[in-house]
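Trainee: There's a structure below that I have some questions on.
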Amino acid sequence: MSSSTPAEPAEPAKSAKPAKPAKTTKGAQGAKGAKVAKAPKPESHLAMVRRARRINRELAEVYPYAHPELDFRNPFELLVATVLSAQTTDLRVNQTTPALFAAYPTPEDMAAAVPEEMEEIIRPTGFFRAKTKSLIGLSVALRDEFGGEVPGRLEDLVKLPGVGRKTANVVLGNAFGVPGITVDTHFGRLVRRWKWTDEEDPVKVEAVVAGIFPKSEWTMLSHRVVFHGRRICHARKPACGACPIAPLCPSYGEGETDPEKARKLLKYEMGGYPGQRLSPPADYPGKPAPALGAG
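Number 140 in the numbering used here belongs to position 147 of the sequence shown; there are no gaps in the numbering.
Written out as structure tokens, the structure reads:
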């Protein structure tokens, strides 16, 4: 046989006993004796639903005055303001609409507007040419197809120029009392941080959240989540250390956790500043926002 054949290992002495593995109290041990934590069990759907509903109850206590942050006096004004709010702040819309509604108080007036004149009024909201086209178009549709009245059905609203599901749900929930979930950037960001869903598409997010909460909660849930997103759970640097629902948040720690530093990140009435509305509801705890050019 070849001399390169490896020798068989010698048998251990019969008196030797195999060593017992060291006992650990929690989890297994690594190569150097460090304890390895067990992976947490994934949250069940039922547990997520219970946590989500508790978050809603907690937010209801934090924001008992939650409301739409667009100024409006009737369904037409809310519809127009919501269309204008795309790609800008509610504050800038509220600063712009007084002049707009003074010039065009009804759908009939707005349908007959000279585009260039309307563009100058709504220029501060951005994308003013496209928005002017949408506003004149929806006003013509309201005049010609709905007798100058804003319809109270989602299937009718989404047919209007510039009106999608988000805008339709805002109008239905706040002008007609029809429950709806408003999925804007704040709402989508927070429900993903809270692990209610990982969907990105607003229509799919709406469907998932609608399955978690009873219909009666949809409109106010939307206001509370958006309020929280604007005031505490910001996109870039959430104020985790000042968040009242931190114990329920699986994304705690994405933002500032130091309480003092977090409090400095709070916005609007929680930070002592005016909110978005020039004419807020009577129970709003903050100051009215300044008119355009007033500060």
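For glycine and all other residues, C-beta sits at the position ideal for the given N, C-alpha and C.
According to the neighbour-count rule (16 or more other Cβ atoms, all chains shown, within 10 Å of its Cβ), is LEU150 buried or exposed?
Mentor: LEU150 should be labelled buried.
Trainee: Where do the N-terminal and C-terminal ends of the alpha helix (DSSP H) with PHE180 fall, by residue?
Mentor: Its alpha helix (DSSP H) spans residues 178 to 186.
Trainee: What did DSSP end up calling MET103 once you bin it into helix, strand or coil?
Mentor: Looking at MET103 - three-state DSSP - the assignment turns out to be helix.
Trainee: Would you say VAL133 and ALA104 are within 8 angstroms of each other, going by their C-beta atoms?
Mentor: A contact, by the Cβ cut-off of 8 angstroms.
Trainee: When you compare only the Cα positions, how much space is there between ALA45 and LYS230?
Mentor: One C-alpha to the other measures close to 22 angstroms.
Trainee: Within the stretch 130 to 216, note down every full beta strand (DSSP E) run reaching 3 residues or more, in order along the chain.
Mentor: Whole beta strand (DSSP E) segments, 3+ residues: zero.
Trainee: So for ALA232, helix, strand or coil by DSSP?
Mentor: Looking at ALA232 - three-state DSSP - the assignment turns out to be coil, as it is neither helix nor strand.
Trainee: Could you pull out every residue in the same chain whose Cβ sits closer than 6 angstroms to the Cβ of SER272, ignoring the five residues on either side in sequence?
Mentor: For SER272, where only same-chain residues beyond five positions count, the Cβ hits under 6 angstroms are ASP64.
Trainee: Among PHE69, GLY264, GLU109, which residue has its Cα nearest to the Cα of GLY141?
Mentor: Nearest of PHE69, GLY264, GLU109 to GLY141, Cα basis: PHE69.
Trainee: Under three-state DSSP, which class holds THR82?
Mentor: Looking at THR82 - three-state DSSP - the assignment turns out to be coil, as it is neither helix nor strand.
Trainee: Please classify ALA95: does DSSP put it in a helix, a strand, or coil?
Mentor: Correct three-state label for ALA95: helix.
Trainee: Can the beta-carbon of LEU258 be found closer than 8 angstroms to that of GLU249?
Mentor: Yes, Cβ-Cβ distance for LEU258 and GLU249 is below 8 angstroms.
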